[in-house]
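Numbering (the numbering used here), first residue to last: 35 to 294.
Glycine residues also receive a C-beta, built at the ideal position from the N, C-alpha and C atoms.
This one's a predicted model, so the numbers in the text were calculated from it and none came from an experiment.
To keep things clear, I will list the structure first and then write my remarks on it.
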Ligand code: DAK
């Protein structure tokens, strides 16, 4: 498989996927989502791999969100379809992996980037990381599971604060809220992620697979929320606010929302 947007290394039992679009702050376009999806399928079927790390290229960003320049032109139907597809292709796939996935959050984790990190089983962050769901500043809502997974991790109050202000939180606050497990310097982050992954890889892969299933079962009852998110996300694509939010981003100005 030729991959233009991600790098894959396998060292012993640990695989590391690096999203590699540093000039776009590793923003997720459809090609990158597809490459991640295919790679995760391969790794899930590779019994030599027992733990997976996902990180971003460079020192500035893990992933600064979905690629705004790409999704700005989507219609309501495309928005809904791509949201549902994205859930299955990437975000649910990460959460449902049979081996543990660690997100090494090495900088901005915004929108789809934070949603990707929240789909992982463990999040470690560098001390320069900034995390947030800025979607409402673009006239859209988190469409890749963020409305569901953020509330699970930090509780409804903090989740609604983060979603409704579109604000970013730093790594220290994110740790105190339970959004990330631990914070390291940029230099220490990958060593810490590898150390944790290696420790996981020494345990019984069968037992870990069952443990992941059991922990996931605790949230399966609430999956209706994901469909509600997909429907609401699609509806945003038909609004003037969405056009204004994405156009303002591309024109590098503040949006003026009319609420329509
Ligand atoms: N998409 C595309 N390009 C991006 C990007 C993004 N999300 N984030 C950054 N870039 C690009 C910038 O446009 C810039 O490109 P050039 O102008 O150099 O060509 C380059 O990366 C460097 O960014 P900046 O010059 O802005 O760097 P700064 O250090 O000044 O600022 C920043 C860093 C992270 C604060 C800023 O770049 C920023 O605010 N980025 C956008 C953050 C954001 O709003 N992300 C999107 C959240 S919404 C969907 C489902 C879900 C979603 C979408 C669709 N479907 C199913 C269709 C989810 C949506 C989101 O993720």
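For the beta strand (DSSP E) that residue i lies in, which residues bound it at each end?
i: residue 96; result: 95-97
i: residue 90; result: 85-90
i: residue 41; result: 40-45
i: residue 144; result: 142-144
i: residue 165; result: 164-166
i: residue 109; result: No beta strand (DSSP E) holds residue 109; DSSP gives it neither H nor E.
i: residue 216; result: 216-218
i: residue 122; result: First-last for residue 122: undefined, no H or E at that position.
i: residue 51; result: 48-53
i: residue 203; result: 202-204
i: residue 160; result: 156-160
Less than 7 Å separating the Cβ of residue i from some heavy atom of the ligand DAK?
i: residue 168; result: yes
i: residue 108; result: yes
i: residue 67; result: no
i: residue 136; result: no
i: residue 173; result: no
i: residue 71; result: no
i: residue 143; result: no
i: residue 88; result: no
i: residue 132; result: no
i: residue 197; result: no
i: residue 102; result: yes
i: residue 296; result: Nothing about residue 296 can be read from this structure; the chain reaches only from 35 to 294.
i: residue 58; result: yes
Give every residue of the same chain whose Cβ lies closer than 6 Å to the Cβ of residue i, excluding the five residues on either side of it in the sequence, and list them in chain order.
i: residue 43; result: 50
i: residue 87; result: 50, 136, 138, 227, 231
i: residue 289; result: 278, 279, 282
i: residue 37; result: 69
i: residue 129; result: 153
i: residue 202; result: 164, 166
Just to check my reading of the structure: residue i and residue j have Cβ atoms closer than 8 Å, yes? What is that Cβ distance to the nearest angstrom?
i: residue 185; j: residue 96; result: That belief does not hold up - the Cβ atoms of residue 185 and residue 96 are roughly 21 Å apart, past 8 Å.
i: residue 68; j: residue 114; result: Residue 68 to residue 114, Cβ: 19 Å. No contact.
i: residue 145; j: residue 162; result: Actually they do not touch by this definition, with Cβ atoms about 18 Å apart.
i: residue 103; j: residue 284; result: 6 Å
i: residue 242; j: residue 134; result: 6 Å
i: residue 99; j: residue 56; result: 14 Å between Cβ atoms; not a contact.
i: residue 296; j: residue 244; result: Past the boundaries of the shown model lies residue 296; the chain is included only from 35 to 294, so the question cannot be answered.
Which residues in the same chain have their Cβ closer than 7 Å to the Cβ of residue i, if we skip the five residues on either side of it in sequence?
i: residue 77; result: 49, 83, 86
i: residue 101; result: 58, 61, 62, 63
i: residue 148; result: 165, 166, 167, 180
i: residue 192; result: 211
Give every residue of the same chain whose Cβ lies closer than 8 Å to the Cβ of residue i, excluding the five residues on either side of it in the sequence, and list them in chain order.
i: residue 298; result: A query on residue 298 cannot be resolved here, the shown segment of the chain reaching from 35 to 294 and no further.
i: residue 259; result: 181, 182
So residue i is in the alpha helix (DSSP H); what residue range does that whole segment cover?
i: residue 137; result: From DSSP, residue 137 is part of no alpha helix (DSSP H) but of the beta strand (DSSP E) over 135-139.
i: residue 128; result: 126-129
i: residue 193; result: 190-199
i: residue 287; result: Here residue 287 belongs to no alpha helix (DSSP H), and DSSP marks it neither H nor E.
i: residue 78; result: 64-78
i: residue 249; result: 239-254
Is it a yes or a no for the segment 47-67 touching the segment 205-221, going by three-plus beta-carbon pairs under 8 Å?
-> no
The segment 165-177 contacting the segment 266-276, beta-carbon criterion three pairs below 8 Å | yes
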